[in-house]
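In this note's numbering, the protein residues as written are 10 to 497.
Worksheet: the structure to be examined is printed underneath.
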């Protein structure tokens, strides 16, 4: 198959799979089998594209010309390649987990869940391979719309309220901030195509650059930069597999990926750095890292604590972009993969705890690790990766972010990274320690009937926790893709 055919296949396979899933709604085994087969086929296609990119190729494909100079078009480069690998690989693992979770909790509307999930992955592939801002915007909006039914899946008032906030914030930021930024970029530069070194140098300066950067940074609401972050904690009313999609596989990663891509290919790191307009974004991202970590420490609900942890970790990637240095971009790009592995593990564990023990509050987890040792051991590994401690992959992305900060003479950002890691320890490690060594409250003695979650959930948890460790010992493929991004 040609390279352009592979790109179209990466977009079409999940969409076609969604149709087949809908047609087999009366046969759960067939429906879920189609989900897994589609996921495997997508990963195969993405790996073929990865091999082409690693060999120096830059595959392209064009669908349609909207107006002269603006196409719905795709081009595969290293940054998008990494994002596509993360999303397609974790879709399979999330699907395995979903089978155990959705059946174990007897969730309603399971066919709708799998259909919307597949459409969301198709949207993610469109974002990852977008050749221009117009294409990125179309698939960015499709991702928002396709994930709304997943956020409101439970159908109760809390779910509907969470869904309204989700839709309101993400659509309003993209329509009122991101779209004007794209139009302004077109007016200033005469193009919206992603280009090595950026397209704004010599065509914009001073306050115009700062205003454009602000429109992009806050218009890409999926990056959850404060103060446009509240949709993310409110979306935690969704089932855990959806939370994993939001936090690790697609949605928030689409946000920070888009910010990285805009900084690298629209502004250009040299132009952004020389303009000085990146400084305020460094401070906003740094503040988001610290403040959201402090808020996480106050949350007793496990998913709420993990949600604010995600808000903090996303701003690590924004920091990497705002540093506007080569090492900062490498660190931010690597953190897309490293955070995905660690955070999906933590959410999988949270869902396993809910499925097996029906517990959602951290204060109720004392002693539970003695009857669910596999789940809480995996939680410990995922927590180490988020903190950035060996032997987990999170160490490497934080290392390169710190080097990027030193490269930019931003010692204060190094301090932010160090303080954040200490706060990560404070709000994550007490959870498995309480579970293994804590004494259950007298009125909440651990029931002898509690056992580990269904096997499908445990398989997925085992894969992602192992991935956290593998990325420590073998970070090479992730680093190689990150270092292949052409910045100039």
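Backbone N, C-alpha and C fix where the C-beta goes; we use that ideal spot for every residue, glycine too.
| Query | Result |
| --- | --- |
| How many whole angstroms separate the CB atoms of residue 324 and residue 234, which I take to be in contact at a CB cut-off of 8 Å? | 6 Å |
| Taking the runs of the beta strand (DSSP E) that are 3 residues or longer, which of them lie wholly in the region 139-172? | none |
| Shortest alpha-carbon distance to residue 339 belongs to which of 269, 393, 100 and 475? | 269 |
| Does DSSP put residue 201 in a helix, a strand or coil? | coil |
| By the three-class DSSP mapping on this structure, what secondary structure does residue 272 have? | helix |
| Let me confirm a value: residue 166 is counted as buried when at least 16 other C-beta atoms fall within 10 Å, else exposed. Which label applies? | exposed |
| Applying the criterion that 16 or more other CB atoms from any shown protein chain within 10 Å of the CB defines a buried residue, is residue 267 buried or exposed? | buried |
| From 159, 163, 337 and 67, pick the residue whose C-alpha is nearest to that of residue 504; which is it? | Look at the range of the chain in this structure, 10 to 497, and you will see that residue 504 is not part of it. |
| For residue 244, which residues in the same chain have their Cβ closer than 7 Å to its Cβ, ignoring the five residues on either side in sequence? | 160, 171, 175 and 255 |
| Is it true that the region 256-264 meets the region 286-303, where meeting means three or more beta-carbon pairs spaced less than 8 Å apart? | no |
| Determine, using beta-carbon pairs with one atom in the region 348-357 and one in the region 391-403, whether at least three such pairs fall under 8 Å. | yes |
| Between the Cα of residue 130 and the Cα atoms of 446, 156, 436 and 430, which residue gives the shortest distance? | 156 |
| Taking the straight line between their C-alpha atoms, what separation do you get for residue 315 and residue 197? | 41 Å |
| Beta-carbon within less than 8 Å of residue 101's beta-carbon, same chain only, minus the 5 sequence neighbours each way: which residues are those? | 45, 48, 49 and 52 |
| Please report the distance separating the alpha-carbon of residue 396 from that of residue 291. | 20 Å |
| So residue 96 and residue 138 are supposed to be a Cβ contact under 8 Å. How far apart are they, rounded? | Residue 96 to residue 138, Cβ: 11 Å. No contact. |
| If you compare alpha carbons, which of 183, 148 and 410 is closest to residue 488? | 410 |
| Can you find a CB in chain B that lies within less than 8 Å of the CB of residue 70? | Note that chain B does not occur in the displayed structure, where there is just one protein chain. |
| If distances are taken between C-alpha atoms only, which option among 371, 440 and 413 comes closest to residue 387? | 440 |
| Flag this pair as yes or no: are the beta carbons of residue 113 and residue 179 separated by less than 8 Å? | no |
| Going straight from the alpha carbon of residue 442 to that of residue 371, what length do you get? | 11 Å |
| When the Cα atoms are used, what is the spatial distance from residue 40 to residue 105? | 12 Å |
| Tell me the rounded alpha-carbon separation between residue 477 and residue 416. | 27 Å |
| Are the CB atoms of residue 304 and residue 326 nearer to each other than 8 Å? | no |
| Can you have a look at residue 115 and say buried or exposed, based on whether 16 or more other CB atoms are within 10 angstroms of its CB? | exposed |
| Less than 7 Å between C-beta atoms, sequence neighbours within five positions excluded: which residues of the same chain meet that for residue 121? | 158 |
| For residue 12, which residues in the same chain have their Cβ closer than 6 Å to its Cβ, ignoring the five residues on either side in sequence? | 61 and 68 |
| Residue 197: beta carbon under 7 Å from a heavy atom of the ligand MN? | In the structure shown, the ligand MN is absent, as is every other ligand, since no ligand is present at all. |
| How is residue 280 classed by DSSP in three states: helix, strand or coil? | helix |
| What are the start and end residues of the alpha helix (DSSP H) that includes residue 354? | 335-366 |
| How about residue 319 and residue 466: do their beta carbons lie closer than 8 Å? | no |
| Is residue 72 helix, strand or coil when you go by DSSP? | strand |
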